[in-house]
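Take 1 as the starting number for the sequence shown in the UniProt record's numbering and just add one per residue.
Where is the CB? At the ideal position from N, CA and C, for every residue including glycine.
Here the structure is a predicted model, which means the values were calculated and not measured.
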Amino acid sequence: MDAHYTINDIVTYDFCPPSSVVGIDSYMMKGFDGVDRGWTSYTLTSQEAGPFARWWIVNVPGFGPHYYVAAESVPPHAVFEPSLSGLVMLDSSGDAALSSSRGALATFRADDGSFHAMEVFDGAERLLFVGRPFRP
């Protein structure tokens, strides 16, 4: 079951402080496996410092909702996921400060089942994230 929110929704789960949905990105991707995929990503902010000051809930195609926080690197033994990597186009609403409309996404899966993602968008720095599954 995918997560669904609207801008200004307050989200509260046991793994994070109360957070407000400030942006919604609709992704369309041409994957390295040749398949077109789409999904929704929600940008959230909280009043606390740390990993949940700004974070994301992503409906990962085929894997369901995951929460993502900024990361420093991709683990060296993480496996490249061609079905979750490719060229992306975004349609954004709300706070889209970290995104432009065109970019690339590379996703890796670690031994613990977490996803590690690298995104690069026109005119922006490379971003690194780690995502873990949860139930909305």
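In this structure, what does DSSP give as the bridge partners for V11?
-> S19
For R135, which residues does DSSP report across the bridge?
-> Looking at the DSSP assignment, R135 forms no beta bridge with any residue, so it has no partner.
Between the beta-carbon of V88 and the beta-carbon of A78, is there less than 8 Å?
-> no
Indicate the three-state DSSP secondary structure (helix, strand or coil) for P51 in the structure shown.
-> coil
If you follow the beta strand (DSSP E) that E119 is part of, which residue opens it and which one closes it?
-> 115-121
Which listed residue (A117, H4, Y42) has its alpha carbon closest to that of E72 = A117
Provide the residue(s) that pair with D36 in DSSP beta bridges, ordered along the chain.
-> K30
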